[in-house]
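In what follows, a single structure is set out as C-alpha cells and then discussed.
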Amino acid sequence: MSTLIVNGGRKLDGRVSVHGSKNSVLPILAATIINSGTSVIHNCPKLRDVDAAIDILKYIGCRVFVDGDTVTVDSKNAANFEIPYNMMREMRSSVIFMGAMLAGMRKAHVFTPGGCELGARPIDLHLSALRALGAHIHEEGGKIKCEAGRMRGRDIVLAFPSVGATENTMLTAVACEGKTRIINAAREPEIEDLQNFLVSMGAEVSGAGSSTIVIYGGKKLHDTEYEVIPDRICAATFLCAAAICGGNVSVGNVIPEHIETVTSIIDSIGCSLSIKGRDITVRCPERPSAIRLVRTMPYPGFPTDAQPPLMALATKCNGTSMFVENIFDGRYRHVSGLSRMGADIKVEGNVAMVCGVKTLFGCPVEATDLRGGAALLIAAMAAEGKSEISKVCHIDRGYAAIEKSMCALGADVKRV
Ligand code: EPZ
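For the sequence shown, our numbering assigns the number 268 to the initial residue and increments by one for each residue that follows.
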C-alpha cells in the first residue's frame with residue numbers, strides 16, 4: 268500500500284486538467300453488457316474502481332481492450348452471471364452490474380457491494396425497484412440472486428433520489444417491454460451521462476436531469492462509441508486545493524454548471540473565479556473568509572462528495588464554518604486526520620463546526636475513504652512541515668495519479 272509524502276506550505280500556481288468522471292464511467296461500463304455488442308468509451312479515467320469494473324466485465328465473459336483513455340468492451344459472449352464476493356466488495360458501484368446483467372443476461376448472482384465506508388449503505392431501493400419491474404430476487408447471507416421474470420415497464424417511485432437505485436432501475440428498464448417512469452429519480456449529471464450512453468446504443472430514455480425519467484424498453488440495441496463527462500468532484504477538489512494553499516490555478520476540462528454550488532462558495536469566501544468555456548481560473552488570497560453554512564443535498568444541491576475537500580479548506584479560513592451532512596451518516600471520518608493536523612472541528616451528529624486556524628501542522632495521517640483522503644492531502648499541502656498520508660489506495664479509487672496533478676500545480680507530493 269503506498270503512502271504520499273507531502274511537504275506543505277507552498278502556494279499553487281499552474282494548470283491541471285480534469286479526467287473523466289468516475290461516477291459516470293462506472294455505470295456506463297456496466298451498461299456495455301446490455302447491447303451484447305461493442306462499445307467504445309472515451310475519456311475513461313485510470314482509476315482503481317475502473318480497473319475493478321473491467322475485471323468484473325472480463326470475469327462475466329466480455330472482451331475488454333484498454334488503449335490510453337479509451338476502453339473498448341465486446342459483450343457478445345458475456346454469459347457468466349455470477350460475480351464473486353471479492354469482486355463485489357471492491358467498490359460500491361459493483362451493485363450496478365445487477366441491473367445491467369438482468370437486462371443483458373436475464374440473471375445476476377451478486378453480493379452486497381463494498382465501497383467507501385460512509386455509514387450504512389443499504390440497497391433496499393435498488394431491490395424493490397427491480398422486483399417491481401418483474402425480477403425474482405432472493406437474498407441470503409449477503410448473496411443476492413436475481414432472475415428476470417416477466418419484465419414489464421411500470422411506474423417506479425423512489426423514496427429517496429438515490430443515484431445508484433436510479434441507475435440500476437434505468438439499466439433494468441431498458442430490457443422491460445413497455446413504459447417505465449422513474450419518479451423522484453436522482454438528477455446528478457452522471458445520470459444524464461448514463462441516459463445519453465443508453466440512447467447512443469439505441470435505447471429510448473428521456474428526462475434524466477429532472478426528477479422523472481421515462482424509458483420505453485425492449486428495443487434492439489446496437490454498437491456505440493461515447494465520451495464520458497469530466498469528473499466534477501475532481502474539479503471541486505482542485506479548486507479547494509487552490510483556495511487553501513493560495514495562488515493562481517486553472518482547472519481545465521470542467522463543465523462549470525456541474526459544480527455551480529461549489530464555485531459559488533469558493534467565490535463567496537474571497538477567491539476570485541473566472542470561467543471561460545471549460546476552464547475555471549481561481550486566484551486565492553492568503554486566507555479566505557469562513558464558509559457560513561454548507562448543507563449537502565441531492566443534485567443540484569451541494570454534493571456530499573465535495574464536503575470533505577471543502578471542510579479541509581474551511582480549517583484554515585478566517586472564522587467559523589458550519590457543515591450539515593444530509594446524505595451519509597458516516598461522512599466525517601476525515602475529521603480525525605484534520606484534527607491531528609491542528610484543525611479545530613467539533614462534530615455533533617450530522618453537524619460539523621469548523622473554527623478556522625491560522626496554521627495547520629504536517630503529521631502522519633491515514634486515508635479512511637476516497638474523498639476524505641483527498642481532504643487530508645489538500646490540508647497537508649497547506650500545512651507547515653511534512654505529512655505522511657497512508658492508505659493512498661482509497662484516494663486512487665477516484666483520482667488518477669493525484670500526486671502528479673498536485674505537483675503540476677507546484678505542490679511537493681511524492682508517492683512511496
Ligand atoms: C453515489 O453513491 C456515488 N457513487 C457517491 O460517490 C455519491 O456520494 C452518492 O451517489 C451521492 O451523490 C457512485 O456513483 C459510484 P445514493 P450511491 O444511493 O449510489 C441511501 C464517491 O466518493 N440509500 O444516492 O451509493 C444511502 O444510504 C462516492 O465518489 C438507501 O437508503 O449513493 C445514502 O444515505 C461516495 N437505500 C443515500 O441514500 C438504497 O437502496 C444516498 O445514496 C440506496 C441508497
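C-beta atoms are modelled at their ideal positions from N, C-alpha and C, and glycine is treated no differently.
Computed from a prediction, not measured in an experiment: that's the story for all the values here.
Less than 7 Å between C-beta atoms, sequence neighbours within five positions excluded: which residues of the same chain meet that for cysteine 507? Hits under 7 Å: Pro576, Leu577, Ala579, Leu580 and Ile645.
If you draw a straight line from the alpha carbon of arginine 562 to that of glutamate 670, how long is it in whole angstroms? 29 Å
Judging by CA-CA distance, which residue of Phe505, Gly401, Glu434 and Arg388 is the nearest neighbour of asparagine 290? Ranked by Cα distance from asparagine 290, the options Phe505, Gly401, Glu434 and Arg388 are led by Glu434.
Are the stretch 508 to 525 and the stretch 468 to 484 touching by the rule of at least three beta carbon pairs closer than 8 Å? no
List the endpoints of the continuous alpha helix (DSSP H) containing valine 424. Segment 422 to 424 is the beta strand (DSSP E) holding valine 424; no alpha helix (DSSP H) there.
With DSSP as the reference, label threonine 635 as helix, strand or coil. coil
Is the stretch 487 to 504 close to the stretch 534 to 543, with three or more CB pairs under 8 Å? no
Proximity test, alanine 387 beta-carbon vs the ligand EPZ heavy atom, cut-off 7 Å: yes
Spatial neighbours of valine 602 within its chain, please: C-beta separation below 7 Å, excluding the five flanking residues on both sides. Ile612, Val614 and Ala619
Which of the three DSSP states is assigned to arginine 499 in this structure? helix
I'd like to confirm something about lysine 289: is its beta-carbon nearer than 7 Å to some heavy atom of the ligand EPZ, or not? yes
Rounded to whole angstroms, what's the CA-CA distance from asparagine 639 to valine 621? Just pull it up for me. Checking the sequence, you will find glycine at residue 639 rather than asparagine. In this structure, the alpha-carbon of glycine 639 lies about 15 Å from that of valine 621.
Excluding five sequence neighbours on each side, which residues of the same chain lie with their C-beta closer than 6 Å to the C-beta of threonine 379? Gly409, listed in sequence order.
Is leucine 324 closer than 8 Å to leucine 296 when the C-beta atoms are compared? yes
Under DSSP, the beta strand (DSSP E) around glycine 445 begins and ends at which residues? 445 to 450
According to DSSP, simplified to helix, strand and coil, what is valine 472? Shown here, valine 472 sits in a strand according to DSSP, grouped into three states.
For aspartate 391, report the span of its alpha helix (DSSP H) as first-last. 391 to 399
Where the alpha helix (DSSP H) through glycine 431 begins and ends: 430 to 440
Okay, do the stretch 470 to 481 and the stretch 580 to 596 touch, 3+ Cβ pairs below 8 Å being the bar? no
Is it the case that the Cβ atoms of leucine 438 and isoleucine 363 are separated by a distance below 8 Å? yes
Count the other CB atoms within 10 Å of the CB of aspartate 422; is the residue buried (16 or more) or exposed (fewer)? Label assigned to aspartate 422: exposed.
Complete beta strand (DSSP E) runs within the stretch 306 to 334 (minimum length 3 residues, chain order): 330 to 334
Going by C-alpha to C-alpha distance, which of Glu457, Ser429 and Asn302 sits closest to cysteine 329? Asn302
Sorted by chain position, which residues of the same chain lie with C-beta nearer than 6 Å to lysine 412's C-beta, five sequence neighbours on each side aside? His376 and His405
When the Cα atoms are used, what is the spatial distance from glycine 514 to glycine 416? Going by the C-alpha atoms only, they are around 58 Å apart.
Arginine 541 vs threonine 530 beta-carbon contact at 8 Å: Note that residue 541 corresponds to serine in the displayed sequence, not to arginine. With contacts defined by Cβ atoms closer than 8 Å, serine 541 and threonine 530 do not form a contacting pair.
How would you label methionine 268, buried or exposed, when you count the other beta carbons within 10 angstroms and need 16 or more for buried? exposed
Do serine 556 and asparagine 585 have their C-beta atoms within less than 8 Å of each other? Less than 8 Å separates the beta-carbon of serine 556 from that of asparagine 585.
Which one of Asp336, Leu627, Ala634 and Ser654 has the shortest CA to CA distance from leucine 385? Ala634
Should glycine 568 be labelled buried (16 or more other beta-carbon atoms within 10 Å of its own) or exposed? exposed
Residues bridged to glycine 287 by DSSP? Pro497
For a quick check, are the C-beta atoms of leucine 627 and aspartate 280 less than 8 Å apart? no
Other residues of its chain near isoleucine 662: CB distance less than 7 Å, five sequence neighbours each side excluded: For isoleucine 662, the CB contacts under 7 Å within the same chain, skipping 5 residues up- and downstream, are Ala634, Leu637, Gly640, Ala641, Leu644 and Ile669 in chain order.
Out of Met358, Tyr326 and Leu488, which one is the CA nearest neighbour of alanine 470? Leu488
I want to check one thing, is the minimum distance from the CB of phenylalanine 238 to the heavy atoms of the ligand EPZ below 7 Å? Any answer about residue 238 is impossible in this case: the structure gives the chain only from 268 up to 683.
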